[in-house]
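Under this note's numbering, the first residue of the sequence shown is numbered -1, with each subsequent residue one higher. For glycine and all other residues, C-beta sits at the position ideal for the given N, C-alpha and C. Please read all numbers here as calculations on a predicted model, not as lab measurements. Down below is the structure, laid out as structure tokens.
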Amino acid sequence: MQERVHALIASDLTGSGFEVVGADAMETAWREAAEAVGGLYDPKTGEADGDKWDAVREATYRELAAVHRADAVLYTTLAVEIRRLDGREAPVCGRWDTLYWPASWSIGESATLVVNACLDLEIVDLDGRVLYSIRNGGDNLETFLQQTRSRRPVEERFADPQRLRRLVSGLLGRLTGAE
């Protein structure tokens, strides 16, 4: 899914006149900077070292600016959202959507809890200031109906190309003029 989302984002941004540097350039610069500081985690506690983390981020941004003339970085994050509700439709990451349920609903039945995966997008400049941030849509992962649980199979999550297209368009609409 990550590759499909990144490809759609890159295509939309490029089509709107933005120059896009692939995620692989960021990953390479990040790995090299992390190796240069001896790793990001304390070997005894396993906890992230905040100073090293900041140094790696700054080195990565410098590398992207120097080599690729980047002036901002785009991050996508998959976030889990849990909602209690009463119905067959629910706000899935800010948009009303029909809930996943593998069987037909009986009269009077309604879901009591849903677990959704939401896609967040954030653009920061190379000084770390947030330029743009949005959560748009997602997919329903689990639905609870009274004491019954239904999990959407992994291969069905974010599998609909039209739904994925709408999701990315919603994330980028204000940037690309495709609202």
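My guess is that residue i and residue j are in contact by the Cβ rule of under 8 angstroms, so how many angstroms apart are they, rounded?
| i | j | result |
| --- | --- | --- |
| Leu83 | Val122 | With 8 angstroms as the limit, Leu83 and Val122 do not qualify as a contact, their Cβ atoms being about 33 angstroms apart. |
| Ala32 | Val54 | 5 angstroms |
| Val35 | Lys50 | 5 angstroms |
Can you tell me where the beta strand (DSSP E) holding residue i begins and where it ends?
| i | result |
| --- | --- |
| Arg133 | Val128 to Leu143 |
| Ser148 | Thr146 to Arg149 |
Return the chain-ordered list of same chain residues with a C-beta closer than 7 angstroms to the C-beta of residue i, the five sequence neighbours on each side being excluded.
| i | result |
| --- | --- |
| Arg147 | Glu140 |
| Phe156 | Met(-1), Asp137 and Leu162 |
| Val19 | Leu62, His66 and Ala68 |
For a quick check, are the C-beta atoms of residue i and residue j less than 9 angstroms apart?
| i | j | result |
| --- | --- | --- |
| Leu58 | His4 | The amino acid at residue 58 is misidentified as Leu; the sequence shows Thr. No, Cβ-Cβ distance for Thr58 and His4 is not below 9 angstroms. |
| Ala77 | Ala21 | no |
| Leu117 | Tyr130 | no |
Can you tell me where the alpha helix (DSSP H) holding residue i begins and where it ends?
| i | result |
| --- | --- |
| Tyr59 | Gly48 to His66 |
| Arg163 | Pro159 to Thr174 |
| Glu30 | Ala21 to Ala34 |
| Gly13 | Gln0 to Gly13 |
Would you report the Cα separation of residue i and residue j, rounded to the nearest angstrom?
| i | j | result |
| --- | --- | --- |
| Gly171 | Asp47 | 36 angstroms |
| Gly149 | Leu173 | The sequence shown places Arg at residue 149, rather than the Gly named in the question. Spanning the two alpha carbons is a distance of roughly 34 angstroms. |
Cutting at 8 angstroms between CB atoms, please list the residues of its own chain near residue i, excluding the five before and the five after it.
| i | result |
| --- | --- |
| Arg163 | Leu6 |
| Thr110 | Arg82, Leu83, Asp84, Phe142, Leu143 and Gln144 |
To which residues of the same chain is residue i closer than 6 angstroms at the C-beta, ignoring the five residues directly before and after it?
| i | result |
| --- | --- |
| Gly135 | Cys91, Arg93, Leu165 and Gly168 |
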